[in-house]
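What follows is a set of notes on a single structure, which appears directly below.
Protein chains: 2
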Amino acid sequence: MSEAKSVESRPYHHGDLRRALVDAARRLLESEGPSALSLRAVAREAGVSPAAPYHHFKDKAELLDAVAHEGWEMLHQAMDTAKSAAEGAHKLSALGIAYVCFARENPALYRVMYDAARDKEALPIEMHDGKDDSAYCMVRDTMVELGSDPAQAVDLELATIAAWCAGHGLAEMAGFKQFDQLKAELGGEKPFLEAVFNHLGLFPSLNRD
Amino acid sequence: MSEAKSVESRPYHHGDLRRALVDAARRLLESEGPSALSLRAVAREAGVSPAAPYHHFKDKAELLDAVAHEGWEMLHQAMDTAKSAAEGAHKLSALGIAYVCFARENPALYRVMYDAARDKEALPIEMHDGKDDSAYCMVRDTMVELGSDPAQAVDLELATIAAWCAGHGLAEMAGFKQFDQLKAELGGEKPFLEAVFNHLGLFPSLNRD
DNA sequence: CAAGACATCTGTACGGCGCTTAGATATGAA
DNA sequence: TTCATATCTAAGCGCCGTACAGATGTCTTG
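Okay, structure coming up:
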């Protein structure tokens, strides 16, 4: 009874269904794509009845929110890693590249993430220790580290917005067939992405060196 | 029999149902939003049975394609008008503003347009007289008019892509709540959009004056 | 003008969907 | 042990996209 079956907190009589449902959703998302992600299919994949998820999520959107949330965490981590690996003025473009690469490597997940954002009309803001720890905030912080004046709050915010919008746009369109030839000429997708970012003049420090 | 009932080409016995369906879809899109746009609802709005649309469209996606197509035409026209109204170096940012404003004023339509593009993994290319007459092409042409070297084909294309991606990203995110305060500080949405575009350094001619 | 070919539309049906409700079952606290 | 409560199942509602058979109107051809 009191013995822990697997890791921690197995609150009730079926295991941790909430966790299992999110995992099942991510599995389906990868294997079948976003259009196959029905609540019933997720329940099926998790081996429970179609009504079971409603004890853990108010509705389908709330389940997708949970999936999206994990996506944002993954994106944040990917950007964090890329920033650490880059040097000085390259940190900012490294963030952009990491952002777009994440979206391109996880297209279905990225779509769920932004569908949720569009519905809520807001990017997710993740607070840790009372501080905004979102990926968006990370871009702004990096701009300051690279020389943007934090006292010029409006300019700083506008530059961050411009950068984020460009990243999102590129993330959604990098796979479009129109660009196939250009990608081939430039030697693949990653060089293509870097080249596009180099044509964005929003990073003064980028243009300088 | 040979008398024209309304304008031209009334091919058959119910009128021009294809036209009526697209109109009904656009009406529903405006009044109820994209989530209410079911094939059955469109048929209902047009006053026909749920199966009738299948004689004019292969499936729901094809109907939405037709709606999206009209959206792209409207966007193209809005951009064309804006370009004509602007002077010299301002033509490019005028295009960007017009693009984002169109998306913001027709959010549901814009969503249908890009959902279709994402599914096809391609922007629509509209040919007239054998020439690419798409809105995307219009941006590239404008860059050339403003001094970009058409011989540097790769650079020109990259700059166009960067500009388009930034426009799309901003179009999707301009309504996010995170930006409400900033928009208020800047005196509304349009000044906000202009400010973001000014922070995109992709337009050398923009930065110059 | 008659007759058949054809395009167009309706009626009906199928399976899947999101979600609700009622009832079964297991868990944890008194 | 009892009982409230959390969790899950079974069944069902109305909606969806789509298919198909048949009715109805239009056009062509003789």
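From first to last, the protein sequence lines stand for chains P and Y. 1 is the number of the first residue of the first sequence in UniProt numbering; add one for each residue after it. 1 is the number of the first residue of the second sequence in UniProt numbering; add one for each residue after it. Where a beta carbon is used, it is the ideal one built from N, C-alpha and C, also for glycine. On a predicted model such as this, the values are computed, not experimentally measured, just so you know.
query                                                                                                                                           : result
Beta-ladder partner(s) of residue 115 of chain P, from DSSP                                                                                     : Residue 115 of chain P pairs with nothing; no bridge assigned.
From Y/121, Y/37, Y/61, Y/137, residue whose alpha carbon lies closest to that of residue 80 of chain Y                                         : Y/137
Any 3 or more C-beta pairs closer than 8 angstroms across the segment 45-59 of chain P and the segment 14-34 of chain P                         : yes
Chain P contact for residue 185 of chain Y (CB, 9 angstroms cutoff)                                                                             : yes
Range of the contiguous alpha helix (DSSP H) that encloses residue 191 of chain Y                                                               : 189-198
Neighbourhood of residue 166 of chain P by C-beta distance below 6 angstroms, restricted to the same chain and skipping five residues each side : 200
C-beta neighbour in chain P for residue 52 of chain Y, strict 9 angstroms                                                                       : no
Contact the segment 168-186 of chain P vs the segment 85-105 of chain P: 3+ CB pairs below 8 angstroms                                          : yes
Test: residue 59 of chain P CB closer than 9 angstroms to a CB of chain Y                                                                       : no
Cβ pair count under 8 angstroms reaching 3, the segment 146-159 of chain Y against the segment 150-164 of chain P                               : no
Cβ-Cβ separation, residue 178 of chain Y to residue 122 of chain P (assumed contact under 8 angstroms), whole Å                                 : 6 angstroms
Contact check, residue 104 of chain P vs residue 30 of chain P, beta carbons under 9 angstroms                                                  : no
Under the three-state DSSP convention, the category residue 8 of chain P falls into                                                             : The predicted model places residue 8 of chain P with a pLDDT of 35, which falls under 50 and marks its position as unreliable, so this point remains unresolved.
Test item: CB-CB of residue 26 of chain P and residue 109 of chain P under 9 angstroms                                                          : yes
Beta-carbon neighbours of residue 154 of chain Y, restricted to chain P and to distances below 9 angstroms                                      : 182, 185, 186, 195
Min CB distance residue 83 of chain P to chain Y below 9 angstroms                                                                              : no
Min CB distance residue 16 of chain Y to chain P below 9 angstroms                                                                              : no
Beta-carbon spacing of residue 75 of chain Y, residue 113 of chain Y below 9 angstroms                                                          : yes
Collapsed DSSP secondary structure at residue 58 of chain P in the structure displayed                                                          : coil
Contacts of residue 113 of chain P in chain Y (Cβ-Cβ under 9 angstroms)                                                                         : Per Cβ cutoff of 9 angstroms: no residues; residue 113 of chain P is ~12 angstroms from chain Y at best.
Beta carbon of residue 139 of chain P nearer than 9 angstroms to that of residue 95 of chain P                                                  : yes
N-terminal and C-terminal residue of the alpha helix (DSSP H) that residue 129 of chain P is part of                                            : Note, residue 129 of chain P: premise wrong, no alpha helix (DSSP H); not H, not E.
8 angstroms CB neighbourhood of residue 33 of chain Y in its chain, flanking five on each side removed                                          : 108
Inter-residue spacing [alpha-carbon to alpha-carbon] between residue 218 of chain Y and residue 158 of chain P                                  : The structure shown does not extend to residue 218 of chain Y, since chain Y spans only 1 to 209, so no value can be given for it.
Burial state of residue 49 of chain P (16 or more Cβ within 10 Å)                                                                               : exposed
Supposed close pair residue 197 of chain P, residue 93 of chain P - CB separation, criterion 8 angstroms                                        : 5 angstroms
Buried versus exposed, by CB contacts within 10 Å (16 or more), residue 46 of chain Y                                                           : buried
Positions along the segment 96-107 of chain Y whose CB lies within less than 7 angstroms of some CB in chain P                                  : none
Residue 130 of chain P burial status per 10 Å Cβ neighbour count (16 or more: buried)                                                           : exposed
First through last residue of the alpha helix (DSSP H) which encompasses residue 96 of chain P                                                  : 90-105
9 angstroms Cβ cut-off: residues of chain Y touching residue 143 of chain P                                                                     : The contacting residues do not exist; residue 143 of chain P stays about 11 angstroms from chain Y at best.
Own chain partners of residue 65 of chain Y with C-beta closer than 6 angstroms, once the 5 adjacent residues on each side are dropped          : 116
CB contact below 9 angstroms: residue 118 of chain Y versus chain P                                                                             : yes
Buried or exposed (CB count within 10 angstroms, at least 16 for buried), residue 7 of chain Y                                                  : Unreliable positioning characterises residue 7 of chain Y in this predicted model, as indicated by a pLDDT of 34, which lies under 50. The coordinate reading is nonetheless provided below. Exposed, because fewer than 16 other Cβ atoms sit within 10 Å of the Cβ of residue 7 of chain Y.
Amino acids of chain Y, ordered along the chain, whose beta-carbon sits closer than 8 angstroms to that of residue 199 of chain P               : 155, 158, 159, 161, 162, 202
Minimum Cβ-Cβ distance from residue 147 of chain Y to chain P less than 9 angstroms                                                             : no
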